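Residue numbers (our numbering): 76 to 306.
What follows is a short report on a single structure.
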């Protein structure tokens with residue numbers, strides 16, 4: 076019970092602190108989800124060993140996963156939602172806001188912090204080639220998206236720089252990567268080292284892709300301005 080309280084207290088402090096730190100960073104270059112994973116990894120069993128992934132913590136993490144993907148994977152949650160809908164058939168805006176506050180303000184941060192605590196940082200650092208390979212594999216996802224936006228002929232098509240920016244942003248899939256790797260490790264179908272590297276690669280893309288998207292957009296728009304007067 077003591078381990079549960081200590082772990083949840085640290086997770087709550089991280090969940091409260093990360094949005095503040097994100098707002099203080101110039102340009103908001105560090106996404107909140109990445110920051111949650113980083114703090115989870117630092118306080119997790121592989122570094123400081125201050126967060127213990129107990130059964131109670133795992134339960135809250137799985138609830139956060141369910142809320143993140145809007146899945147009623149827990150029968151009790153489904154039953155509670157069914158009863159609430161029966162009692163208030165037209166919905167209750169105030170209640171919905173409170174539930175979303177609990178989900179987005181606590182359960183989802185718990186999920187990301189616990190996932191970060193499961194990252195074996197030493198294993199990731201020991202195999203940088205695998206990390207780079209995974210990052211490149213995630214970048215490859217931008218190619219079919221760019222081709223699809225190029226072949227999509229509409230009345231108001233996207234500019235080339237906007238197509239590239241959209242393609243880069245679409246390569247980010249950190250929540251899905253974290254969710255799938257967590258389930259795979261629990262099921263015994265993926266080693267923790269591979270899962271840690273995949274999550275680290277996803278975190279890098281979330282941090283890197285907005286920078287690349289903004290940079291390429293500025294460069295391409297700058298070239299357009301230079302070419303336009305001479306046309």
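We treat Cβ as the ideally placed atom computed from N, Cα and C, and that holds for glycine.
Keep in mind the model is a prediction, meaning the values are calculated, not measured.
(request) Report the three-state DSSP secondary structure of residue 247 (helix, strand or coil). (result) Residue 247 sits at position 172 when you count from the first residue of the chain shown. The answer is coil: DSSP assigns residue 247 none of H, G, I, E or B.
(request) Excluding the 5 residues preceding and the 5 following residue 184 in the sequence, name in chain order all residues of the same chain whose CB lies nearer than 6 Å to its CB. (result) The sequence position of residue 184 within the chain shown is 109, counting from 1. These residues qualify, in order along the chain: 90 and 111.
(message) Just to confirm my understanding: we take residue 279, look at its own chain, exclude 5 residues before and 5 after, and list those with CB closer than 6 Å. What are they?
(response) Walking along the chain shown from the start, residue 279 turns up at place 204. Cβ neighbours of residue 279 beyond the five flanking positions: 210.
(message) For residue 151, which residues in the same chain have their Cβ closer than 8 Å to its Cβ, ignoring the five residues on either side in sequence?
(response) Against the chain shown, residue 151 aligns to sequence position 76. Low per-residue confidence applies at residue 151: pLDDT is 49, beneath 50, and the placement is therefore not dependable, though the value from the model is reported in the following sentence. Answer for residue 151: no residue qualifies.
(message) For residue 81 and residue 94, I'd like the C-alpha separation in whole angstroms.
(response) Position 6 of the chain shown, counted from the start, is the residue given in the question as residue 81. Position 19 of the chain shown, counted from the start, is the residue given in the question as residue 94. Going from the Cα of residue 81 to the Cα of residue 94 covers about 21 Å.
(message) Taking a contact to mean a Cβ-Cβ separation below 9 Å, would you say residue 215 touches residue 272 in this structure?
(response) Residue 215 sits at position 140 when you count from the first residue of the chain shown. Residue 272 sits at position 197 when you count from the first residue of the chain shown. No, the pair does not count as a contact, with Cβ atoms beyond the cut-off.
(message) Between the stretch 259-274 and the stretch 285-292, can you find at least three pairs of beta-carbon atoms closer than 8 Å?
(response) no
(message) In whole angstroms, give me the CA-to-CA distance for residue 79 and residue 131.
(response) Here residue 79 refers to the residue found at position 4 of the chain shown. Here residue 131 refers to the residue found at position 56 of the chain shown. Cα-Cα distance, rounded: 7 Å.
(message) Can you list, in chain order, the residues of its chain with a C-beta nearer than 8 Å to that of residue 97? Leave out the 5 residues immediately preceding and following it.
(response) For the purposes of this step, residue 97 is taken as the residue at position 22 of the chain shown. Excluding residues within five positions, the ones whose Cβ falls inside 8 Å are 103, 105, 106, 107 and 110.
(message) According to DSSP, simplified to helix, strand and coil, what is residue 193?
(response) Translated into the one-based positions of the chain shown, residue 193 becomes position 118. Three-state result, residue 193: coil.
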